[in-house]
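Asker: Attaching a single structure in structure tokens format; questions to follow.
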Amino acid sequence: MKEILIVDDMSQNRELIREALNGLDYRLFEAEDANHAMRMMQISAMDLVISDVRMRGRSGVELVRQMRSEHPDTAVILITAFSSVGGAVDAMRAGAYDYITRPASPGDLRLKVKCALEGGAKRKENCTGAGASDPKCGFEDMLGQSQALRQILQRAARVAPTSATVLIQGETGTGKELVARGIHAHSDRSSKPFVTVNCGAIPRELVESVLFGHIKGAFTGAVMDTRGKVESANSGTLFLDEIGELPLDSQVKLLRLLQHGEIDKIGAPSSTRVDLRIIAATHRCLRTMVGNGAFREDLYYRLNIVPLKLPPLRERIEDVPELVRFFFERSCRKHGLRRLVLPDHLLGRFMAYSWPGNIRELENTVERIALLAGGPEIGLADLPEFLGNGSDSNLNLPPDGINLDSLERHLLHRALEKCKWNQSQAARILGLSRKTVIYRIRKYELWPTPSTLQNGACEAITEGKDQFALNEEVPGGTTCP
Numbered sequence: 036m037k038e039i040l041i042v043d044d045m046s047q048n049r050e051l052i053r054e055a056l057n058g059l060d061y062r063l064f065e066a067e068d069a070n071h072a073m074r075m076m077q078i079s080a081m082d083l084v085i086s087d088v089r090m091r092g093r094s095g096v097e098l099v100r101q102m103r104s105e106h107p108d109t110a111v112i113l114i115t116a117f118s119s120v121g122g123a124v125d126a127m128r129a130g131a132y133d134y135i136t137r138p139a140s141p142g143d144l145r146l147k148v149k150c151a152l153e154g155g156a157k158r159k160e161n162c163t164g165a166g167a168s169d170p171k172c173g174f175e176d177m178l179g180q181s182q183a184l185r186q187i188l189q190r191a192a193r194v195a196p197t198s199a200t201v202l203i204q205g206e207t208g209t210g211k212e213l214v215a216r217g218i219h220a221h222s223d224r225s226s227k228p229f230v231t232v233n234c235g236a237i238p239r240e241l242v243e244s245v246l247f248g249h250i251k252g253a254f255t256g257a258v259m260d261t262r263g264k265v266e267s268a269n270s271g272t273l274f275l276d277e278i279g280e281l282p283l284d285s286q287v288k289l290l291r292l293l294q295h296g297e298i299d300k301i302g303a304p305s306s307t308r309v310d311l312r313i314i315a316a317t318h319r320c321l322r323t324m325v326g327n328g329a330f331r332e333d334l335y336y337r338l339n340i341v342p343l344k345l346p347p348l349r350e351r352i353e354d355v356p357e358l359v360r361f362f363f364e365r366s367c368r369k370h371g372l373r374r375l376v377l378p379d380h381l382l383g384r385f386m387a388y389s390w391p392g393n394i395r396e397l398e399n400t401v402e403r404i405a406l407l408a409g410g411p412e413i414g415l416a417d418l419p420e421f422l423g424n425g426s427d428s429n430l431n432l433p434p435d436g437i438n439l440d441s442l443e444r445h446l447l448h449r450a451l452e453k454c455k456w457n458q459s460q461a462a463r464i465l466g467l468s469r470k471t472v473i474y475r476i477r478k479y480e481l482w483p484t485p486s487t488l489q490n491g492a493c494e495a496i497t498e499g500k501d502q503f504a505l506n507e508e509v510p511g512g513t514t515c516p
């Protein structure tokens with residue numbers, strides 16, 4: 036029998052829901068607020084939670100976020116007044132299954148409950164089956180609902196049940212290790228060891244000993260046989276973080292491991308066979324390193340069987356509010372700041388910043404803001420300068436007004452120059468889509484001069500302005516293709 040928890044601080048509202056579901060094959064429970072609901076969830080994990088949005092203490096939206104973190108298999112339906120629909124939709128983005136506007140008809144409520152329970156059963160089946168059709172299944176620690184992230188997690192979920200080697204690329208702080216752990220957790224090796232090695236943190240002279248181990252007497256100070264990280268991961272998964280930092284001579288031994296499943300311990304007379312899966316990660320462009328002779332080409336192709344490229348935070352900026360709320364709530368729990376509030380109207384400040392340090396920088400910034408807050412509610416003065424603390428606007432309108440077209444043209448031109456005419460980067464700075472940027476390049480006839488685009492940055496400029504505007508990209512920076 037399915038168990039349903041009704042959460043509302045008004046007993047008459049709980050009674051209405053109970054009456055609508057009476058006579059059906061459900062066991063019903065009640066809670067008077069979010070804290071009461073979470074205590075009940077610790078006693079018995081419910082199949083479905085039906086919660087009001089506005090309650091004393093924590094809201095239904097906050098309940099959804101905690102439920103998603105601690106009870107991801109339990110669906111949540113929110114009930115809200117018509118005027119609060121916008122907040123309910125935000126909660127759905129944060130993980131709620133559905134919402135109903137009050138007054139809700141008994142028939143509508145019963146239908147949504149039936150769909151939510153059936154959907155929950157399918158989610159559990161997918162998470163335990165080989166298909167793993169839910170892109171977040173096994174990757175719940177990767178917060179966000181953006182299309183860019185979901186595409187990567189869908190690909191990771193498809194490859195996880197296999198034994199294929201995976202190469203995860205992405206800037207520092209994008210969550211490469213979290214994805215690697217998700218792949219391991221979603222594989223048939225999940226009950227076996229997951230061993231992490233940061234290749235950039237091992238002294239060069241100790242790399243082979245740390246990775247492959249040694250026998251007693253192999254060198255001065257080798258007083259006993261020692262297993263390396265590879266052997267410790269036997270039958271499980273070895274995660275080689277920052278693989279681009281591995282010395283060339285050690286790359287040869289890693290290649291042998293990938294080709295033959297064997298390692299040579301330092302000083303050992305014979306090889307040792309191991310059975311493990313390798314997941315490698317790097318913030319570097321290994322293809323460029325191969326061209327420079329800094330990384331073995333044969334090893335690169337062995338590692339790059341299934342490439343996963345994690346998007347930087349600036350390319351999934353719509354995930355920032357969810358991440359900010361999660362890190363803020365975790366910081367408050369960690370430091371005992373239970374009454375501290377972060378108003379929703381400040382979230383736009385976090386979305387306007389590019390976050391070059393990605394999720395790690397965002398996490399540290401949010402924790403610092405919580406610790407140094409000057410009052411019970413976070414205000415503009417509590418934000419660091421790069422988030423625009425102080426007044427809401429630095430733009431002073433002249434007495435005679437301004438020409439918006441001229442201002443727009445000027446800002447677009449400055450953004451394109453700043454990004455070396457990379458249209459996608461300029462679009463991110465301006466908060467526009469790339470198509471909109473291309474449209475406005477044409478509208479204002481903004482074309483780069485040949486002197487601006489040196490070293491073959493954009494040969495199409497010599498062939499016509501229209502062709503430039505339609506180019507996929509004007510290459511810039513050192514991003515890996």
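In terms of the numbering used here, the sequence shown opens at residue 36 and continues consecutively.
Ideal placement from N, C-alpha and C gives every residue a C-beta, glycine not left out.
1) Would you say Asp276 and Glu206 are within 8 Å of each other, going by their C-beta atoms?
2) Tell me where the beta strand (DSSP E) around Ile313 begins and ends.
3) Using beta-carbon positions only, say whether Asp44 and Asp68 come within less than 8 Å of one another.
4) What does a CB cutoff of less than 6 Å around Glu38 pick up in its chain, not counting 5 residues either side in sequence?
5) Compute the Euclidean distance between the alpha carbons of Thr402 and Glu412, then round it to the nearest angstrom.
6) Taking a contact to mean a Cβ-Cβ separation below 8 Å, would you say Leu40 touches Val148 in this structure?
7) Write down every uninterrupted run of the alpha helix (DSSP H) in the segment 300-366 whose length is 4 residues or greater and which is fully enclosed by it, in chain order.
8) Determine, using beta carbons only, whether Leu32 and Val230 come nearer to each other than 8 Å.
9) Helix, strand or coil, according to DSSP, for Ser267 in the structure here?
10) With DSSP as the reference, label Glu480 as helix, strand or coil.
11) Where do the N-terminal and C-terminal ends of the beta strand (DSSP E) with Ala395 fall, by residue?
12) What are the start and end residues of the alpha helix (DSSP H) that includes Phe247?
13) Tell me the DSSP secondary structure of Phe254 in three-state form.
14) Can you check which of these residues, Leu345, Asp299, Thr261, Glu240, is closest to Arg319 by C-alpha distance?
15) Consult DSSP for Val214 and reduce its assignment to one of helix, strand or coil.
16) Give me, in chain order, the residues of the same chain whose beta-carbon lies closer than 8 Å to that of Arg331; leave out the 5 immediate sequence neighbours on both sides.
17) According to the neighbour-count rule (16 or more other Cβ atoms, all chains shown, within 10 Å of its Cβ), is Gly383 buried or exposed?
18) Any chance the segment 235-255 sits against the segment 178-192, with 3 or more Cβ pairs inside 8 Å?
19) Kindly list the residues whose CB is nearer than 7 Å to the CB of Phe363, restricted to its own chain and excluding five residues on each side of it in sequence; keep chain order.
20) Quick one: what does DSSP say Glu65 is sitting in, helix, strand or coil?
21) Residues in its own chain within less than 6 Å of Tyr335 by CB, not counting five upstream and five downstream?
22) Can you list, in chain order, the residues of its chain whose CB lies under 7 Å from that of Ala199, leaving out five sequence neighbours each side?
Answerer: Reading from the atomic positions:
1) no
2) For Ile313, the uninterrupted beta strand (DSSP E) run begins and ends at 312-317, by DSSP.
3) yes
4) Arg62, Met81, Asp82
5) For the record, residue 402 in the displayed sequence is Glu; it is not Thr. Glu402 and Glu412: Cα-Cα distance of roughly 14 Å.
6) no
7) For secondary structure counted as the alpha helix (DSSP H) over 4 or more consecutive residues, the segment 300-366 holds these complete runs in sequence order: 321-326, 332-338.
8) The displayed coordinates of the chain run from 36 to 516. Any statement about residue 32 would go beyond what the structure contains.
9) Ser267 falls in the helix class under three-state DSSP.
10) coil
11) In the sequence on display, residue 395 carries Arg and not Ala. Boundaries around Arg395 are those of the alpha helix (DSSP H), 393-406, since no beta strand (DSSP E) includes it.
12) 242-247
13) coil
14) Checking every option, the nearest Cα to that of Arg319 belongs to Leu345.
15) helix
16) Leu283, Gln286, Val287, Leu290, Val325
17) Taking all protein chains shown into account, Gly383 has fewer than 16 neighbouring C-beta atoms within 10 Å of its C-beta and is therefore exposed.
18) The segment 235-255 is not in contact with the segment 178-192.
19) Taking Phe363 as the centre and dropping the five residues before and after it, the same chain places the C-beta of Leu377, Val401, Ala405 closer than 7 Å to its C-beta, in chain order.
20) DSSP places Glu65 in strand when its eight states are reduced to three.
21) Leu321, Val325
22) Ile340, Val341
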